[in-house]
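> Numbering (my numbering), first residue to last: 292 to 687. Just so you know, even glycine gets a beta-carbon here, dropped at the ideal spot from N, CA and C.
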Amino acid sequence: MEFLPSTFRRREGGFLYNLFNWDYLQIISLVFLAGAGLIFIRSIGEQIGSAAAELFFVKQTQWLCAGALLWLAAAFVNVKSRLFFIGSILFYIVTVVLLAAVLFVGLRIYGATRWLSFAGFRLQPSELAKPALALMLGVVFSKVSVNSWKGFFAGVAALAVPFLLILKEPDLGSASILIPLYVAIVFVSKLRWKYLLVSLFAVLLIGGAAIANEAMKIKPVLKDYQRDRILVFLNPERDRLHRGYNAHQALLAVGSGGFNGKGIGEGTQNRLGFLPHTVSNNDFIFSVIAEETGFVGSMFLLTGYLLLLVSVLRTAFLTDDQLSRSFAVGTATVLFCHVFINVGMSIGITPVTGLPLPMVSYGGSSLLAVMASLGLVQSIYRNRPLEKRTFNANIR
292 MEFLPSTFRR
302 REGGFLYNLF
312 NWDYLQIISL
322 VFLAGAGLIF
332 IRSIGEQIGS
342 AAAELFFVKQ
352 TQWLCAGALL
362 WLAAAFVNVK
372 SRLFFIGSIL
382 FYIVTVVLLA
392 AVLFVGLRIY
402 GATRWLSFAG
412 FRLQPSELAK
422 PALALMLGVV
432 FSKVSVNSWK
442 GFFAGVAALA
452 VPFLLILKEP
462 DLGSASILIP
472 LYVAIVFVSK
482 LRWKYLLVSL
492 FAVLLIGGAA
502 IANEAMKIKP
512 VLKDYQRDRI
522 LVFLNPERDR
532 LHRGYNAHQA
542 LLAVGSGGFN
552 GKGIGEGTQN
562 RLGFLPHTVS
572 NNDFIFSVIA
582 EETGFVGSMF
592 LLTGYLLLLV
602 SVLRTAFLTD
612 DQLSRSFAVG
622 TATVLFCHVF
632 INVGMSIGIT
642 PVTGLPLPMV
652 SYGGSSLLAV
662 MASLGLVQSI
672 YRNRPLEKRT
682 FNANIR
């Protein structure tokens, strides 16, 4: 590129430098997924026909605009600064305070207390807990070795506080996401194999004890409806008309879509109300997409998530500091778990937990949390070491 003006070829700060120093794979997949969400939320609202349902599209558009601003602001954060390090700790503390506040002044909807209300806007702090924990674990393991007892107990404490508060709401789905997030970050923090094997044994032991406790009802933690969901998942014929109704109708919707689908807005499961309208645009939106676009549309959607995960994990391996790597890996883990569980609910391979499909399901808190997280991942990509920028040699 020697023919370009020197201001374009400057090592840092030039036009080409800034132009090529963005992760366009993340941007393209992000725009595609958010766009798909808007299309189907609008379609579902039109099929339902009520004024309230059609407002979902307007609200989702507003949240998406706010999310885009958050993404852009986060993309310009200096993730290697001392201020970001301190801010990560403060964000974790604020999130824990919000999680505690939910238990006292939270809104109770459908038997669960998970939301705070601010000037008409509902905030779900459990969505903030996922990026907050990823940041806090990055802070801990950047200062203390994960292979030390001090690092071990600090990491477990960082996990335990939000986990127990979310479980108390109760929100078993969101709480369970924190465990694989913790495991993934510990793994990339260079945990020694002997400690890894000991940890796996401890997890199996604790998990077995928890299952035995629930099965024998010694001191059960799960609510009755949570236990019923698991039992219905293990035996779909157990209660198909009540606890298993949504999952059964979702599975029928996916199967009826065939290869090409019935066409956008033509899905009978949603349009005729067999798939309840209270869940068709959030928990089970994948079922609507699968019925109306078929196998082809579903694969396009899943490919979008695959490309997004590739971009986030690539960023994790390009960075050179523990905090950034932990956050990127944590973000990828949360995205994967949400997609796997949400899609799994619709095809009968995971229990119904109420986890949204990232950037596609209707909902503000989840969308804003994901967009802000991906903005920080974009910043991590932009601040990666010079030697890992493949275009650098051409624009010196």
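1. Which of helix, strand or coil does DSSP assign to Ile509?
2. Please identify the residue among Phe375, Phe311, Thr404 whose C-alpha is closest to the C-alpha of Ala423.
3. Taking contact to mean at least 3 C-beta pairs separated by less than 8 Å, is the stretch 380-395 in contact with the stretch 351-362?
4. Mark Leu609 as exposed unless 16 or more other C-beta atoms lie within 10 angstroms of its C-beta, in which case mark it buried.
5. Short check: CB of Leu598 to CB of Phe627, under 8 Å?
6. Beta strand (DSSP E) containing Thr731: first to last residue?
7. Within 10 angstroms of the Cβ of Asp462, are there 16 or more other Cβ atoms? Answer buried if so, exposed if not.
8. Does the stretch 400-416 come close enough to the stretch 580-597 to have 3 or more Cβ pairs within less than 8 Å?
9. Skipping 5 residues on each side, what residues in its chain have a beta carbon closer than 6 Å to that of Ala623?
10. Measuring alpha carbon to alpha carbon, tell me which residue in His539, Ile400, Ser372 is nearest Pro641.
11. Rounded to a whole number of angstroms, what is the C-alpha to C-alpha distance between Leu495 and Ile555?
12. DSSP three-state label for Phe565, please.
13. Using CA atoms only, rank isn't needed, just tell me which of Ser652, Ile671, Ser656, Asn674 is closest to Ile332.
14. Within 10 angstroms of the Cβ of Ala425, are there 16 or more other Cβ atoms? Answer buried if so, exposed if not.
15. To test your reading of the DSSP string, which unbroken alpha helix (DSSP H) runs of 4 or more residues are found completely within the stretch 431-474?
16. Exposed or buried, Met662, counting other C-beta atoms within 10 Å across all chains shown (16 or more means buried)?
17. Excluding the 5 residues preceding and the 5 following Ser589 in the sequence, name in chain order all residues of the same chain whose CB lies nearer than 6 Å to its CB.
By the coordinates alone:
1. The residue given as residue 509 occupies position 218 in the sequence shown. In the structure shown, the three-state DSSP call for Ile509 is coil.
2. Position 132 of the sequence shown holds residue 423. Closest in alpha carbon position to Ala423, among Phe375, Phe311, Thr404, is Phe375.
3. They do not touch, by the three-pair rule.
4. Walking along the sequence shown from the start, residue 609 turns up at place 318. Burial check for Leu609: the Cβ neighbour count within 10 Å reaches 16 or more, so the residue is buried.
5. Residue mapping note: residue 598 aligns to position 307 of the sequence shown, counting from 1. Residue mapping note: residue 627 aligns to position 336 of the sequence shown, counting from 1. In this structure, Phe627 does not lie closer than 8 Å to Leu598 by Cβ.
6. The question about residue 731 has no answer here: the residues shown for the chain are numbered 292 through 687.
7. Indexing the sequence shown from 1 puts residue 462 at position 171. Asp462 should be labelled buried.
8. Not touching, per the Cβ criterion.
9. On the sequence shown, position 332 is the one that residue 623 refers to. Counting only Cβ-Cβ distances below 6 Å, and skipping sequence neighbours, we find Leu600, Val603, Leu604.
10. Your numbering for residue 641 matches position 350 in the sequence shown. The sequence given here places Thr at residue 641; Pro does not occur at that position. It is His539.
11. Indexing the sequence shown from 1 puts residue 495 at position 204. Indexing the sequence shown from 1 puts residue 555 at position 264. Near 45 Å, if we compare the C-alpha coordinates of Ile555 and Leu495.
12. Position 274 of the sequence shown, counted from the first residue, corresponds to residue 565. Phe565 falls in the coil class under three-state DSSP.
13. Walking along the sequence shown from the start, residue 332 turns up at place 41. Residue Ser652 is the option with its Cα nearest to Ile332.
14. To locate residue 425, count along the sequence shown from 1; it is residue 134. Its Cβ being crowded by 16 or more others within 10 Å, Ala425 is buried.
15. Listed in chain order, they are 440-459.
16. Position 371 of the sequence shown, counting from 1, holds the residue named residue 662. With 16 or more other Cβ atoms inside 10 Å of its own Cβ, Met662 counts as buried.
17. Taking the first residue of the sequence shown as 1, we reach residue 589 at position 298. Apart from the 5 residues on each side of it in sequence, Ser589 sits with its Cβ closer than 6 Å to the Cβ of Ala581 in its chain, given in chain order.
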